[in-house]
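Enquirer:
Residue numbers (the working numbering): 850 to 1200.
1) Mind reading off the beta-carbon distance from residue 1136 to residue 1163? Whole number of angstroms is fine, and I expect it under 8 Å.
2) With distance defined between alpha-carbon atoms, name the residue in 1129, 1063, 1015 nearest to residue 1085.
3) Report yes if the C-beta distance between residue 946 and residue 1126 is below 7 Å; otherwise report no.
4) Spell out the partners DSSP gives residue 930 in its beta bridges.
5) Grab the span of the beta strand (DSSP E) containing residue 907 for me, first residue to last.
6) Where do the ends of the beta strand (DSSP E) carrying residue 1023 lie?
7) Within the same chain, show all residues whose beta-carbon is closer than 7 Å to that of residue 1180, passing over the 5 residues directly before and after it, in chain order.
8) In or out: residue 854 buried (at least 16 other Cβ within 10 Å) or exposed?
9) Evaluate the contact criterion for the stretch 1147-1163 versus the stretch 881-894: three or more CB pairs, one atom per stretch, below 8 Å.
10) Since residue 984 and residue 926 are thought to touch, with beta carbons under 8 Å apart, how far apart are those beta carbons, to the nearest angstrom?
11) Please state the DSSP three-state secondary structure of residue 840.
12) Measuring CA to CA, which of 881, 1002, 930 is closest to residue 970?
13) Return yes when the Cβ of residue 904 is within less than 7 Å of the Cβ of residue 875, no when it is not.
14) Give me the residue from 1065, 882, 1012, 991 with the minimum Cα distance to residue 1039.
15) Can you tell me whether residue 914 is buried or exposed? The criterion is at least 16 other CB atoms within 10 Å of its CB, across all chains shown.
16) Per DSSP, residue 986 is paired with what?
17) Alpha carbon to alpha carbon, how far is residue 1199 from residue 1123?
18) Looking at the strands, I want to know which residues DSSP matches up with residue 1088.
19) Can you name, in chain order, every residue of its own chain whose Cβ lies under 7 Å from the Cβ of residue 1100, other than the five neighbours on each side?
20) Exposed or buried, which one is residue 1004 when buried takes at least 16 other CB atoms within 10 Å?
21) Within 10 angstroms of its Cβ, does residue 1066 collect 16 or more other Cβ (buried), or is it exposed?
22) Name the one or two DSSP bridge partners that residue 1190 has.
23) Spatial neighbours of residue 932 within its chain, please: CB distance less than 6 Å, with the 5 preceding and 5 following residues excluded, ordered by chain position.
24) Hey, residue 1118 and residue 992 are a contact pair by Cβ (cut 8 Å); roughly how many whole angstroms apart?
25) To the nearest angstrom, how far is the alpha carbon of residue 1128 from that of residue 909?
26) For residue 1183, which three-state DSSP category applies?
27) Specify the secondary structure class of residue 857 as computed by DSSP and reduced to three states.
28) Alpha carbon to alpha carbon, how far is residue 1106 from residue 1112?
29) I believe residue 1185 touches residue 965 by the beta-carbon criterion, under 8 Å. Please report the beta-carbon distance rounded to the nearest angstrom.
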């Protein structure tokens, strides 16, 4: 009966929403972004304060986002990850423009930027001679690791690092359903750079992955929010924000599921997502939103809803203070370990 009611409610929503949107005469801010990557409260607060409706066009990967952008579709703001933004800058095809930081009055990039994020951006600048802050306002950042059941995976097991993903004959294991992330794990576990374009090294990484998949693994994306609580997997590759949200949920619901998050010492990906102004978009609306989301209140509301790490140091520190467990606190304190790295744009392979 409950399931039937939910279905009827969903059908009612599907019938009402299109007509409601059609009747909404407010101007529109168009954002190209990953799905479910902005809290509903953030959207509602901006729309109420500015009388502007937000329309989010979703993409499943940075590669898909770049395809949309290059097809000629126009947005006011786009949300690429570090390497995709680097590609847009290097290719210089006129899709994006430099940020005018004088128009962003709610965030000072010199004093408000999270300490760890500053280190990441400086490392990118050193390697590429590009300051990504010239083009993008940081939105969220974090790292990739392994979310695991502490009652099944022992402390000794965690010493295996990424090789835990190749224990499918012993545990229930899930790779993240992303060839880029899987290859990253394979490369660093094999002792190579995650940005390697050396054929022999890539072949070695692919063989590393095959050894794991041949033992039987699953694949996750958004289903991680159901599969981990339901104990479908003992170990899963995960992003810090997703891991923090699931851990928090288990505590709030008083579930008997003891979760930990492991950042393998062999190395991992540290990532940053940005908000970037499209060259042909509505600049006024774009900067209105940037001022909203980069403000203390806007950033706090967004992180409270999504659990990813804020680019604002004051908000990040509050995330640490308000965390419901030591493991969650650790997730909000990303450290740039010696073997960590950032995905880079490779103009040769364009991957």
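Even for Gly, the Cβ is constructed at its ideal location relative to N, Cα and C. Please read these numbers as outputs of a predicted model, since none were measured by experiment.
Expert: The structure says:
1) Taking C-beta atoms under 8 Å as the contact rule, residue 1136 and residue 1163 fail to qualify, at a distance of about 22 Å.
2) When C-alpha distances from residue 1085 are compared across 1129, 1063, 1015, the shortest belongs to 1015.
3) Yes, the pair counts as a contact, with Cβ atoms nearer than the cut-off.
4) Answer is 1122, bridged to residue 930.
5) Note, residue 907: beta strand (DSSP E), 902-908.
6) Start and end: 1022-1025.
7) Closer than 7 Å at the Cβ level, and outside the excluded window around residue 1180, lie 1089, 1092, 1093, 1110.
8) Residue placement at residue 854 is flagged as unreliable, the pLDDT there being 34, under the threshold of 50; the coordinate-derived value follows with that caveat. Residue 854 counts as exposed, since fewer than 16 other C-beta atoms from the protein chains shown sit within 10 angstroms of its C-beta.
9) By the criterion of at least three beta-carbon pairs nearer than 8 Å, the stretch 1147-1163 is in contact with the stretch 881-894.
10) Rounded, the Cβ-Cβ distance is 12 Å, inconsistent with contact.
11) Lying outside 850 to 1200, the shown extent of the chain, residue 840 is not represented and no answer is given.
12) Between residue 970 and the set 881, 1002, 930, the nearest pair of CA atoms involves 930.
13) For the pair residue 875 and residue 904, the CB atoms are not nearer than the 7 Å cut-off.
14) Closest option to residue 1039, Cα to Cα, is 1012.
15) Flag for residue 914 reads buried.
16) In the DSSP output, where bridge partners are listed per residue, residue 986 has 1124.
17) For residue 1199, the predicted model reports a pLDDT of 47, less than 50, meaning its position is unreliable and no value from the coordinates is stated.
18) Within the DSSP bridge table, the entry for residue 1088 names 993 as partners.
19) In chain order, 1173, 1174 place their CB closer than 7 Å to the CB of residue 1100, counting only its own chain and leaving out the 5 sequence neighbours on each side.
20) With fewer than 16 Cβ atoms within 10 Å of its Cβ, residue 1004 is classed as exposed.
21) Looking at its Cβ environment, which holds 16 or more other Cβ atoms inside 10 Å, residue 1066 is buried.
22) Residue 1190 pairs with 1118.
23) 1192, 1193, 1194.
24) At roughly 7 Å, the Cβ-Cβ gap stays under 8 Å, so residue 1118 and residue 992 are in contact.
25) For residue 1128 and residue 909, the distance between alpha carbons rounds to 23 Å.
26) The answer is coil: DSSP assigns residue 1183 none of H, G, I, E or B.
27) Only weak support exists for where residue 857 lies, its pLDDT of 40 falling under 50; the coordinates are left without a value.
28) Between the C-alpha atoms of residue 1106 and residue 1112 there is a straight-line separation of about 20 Å.
29) The pair is a contact, with the Cβ atoms about 6 Å apart (cut-off 8 Å).
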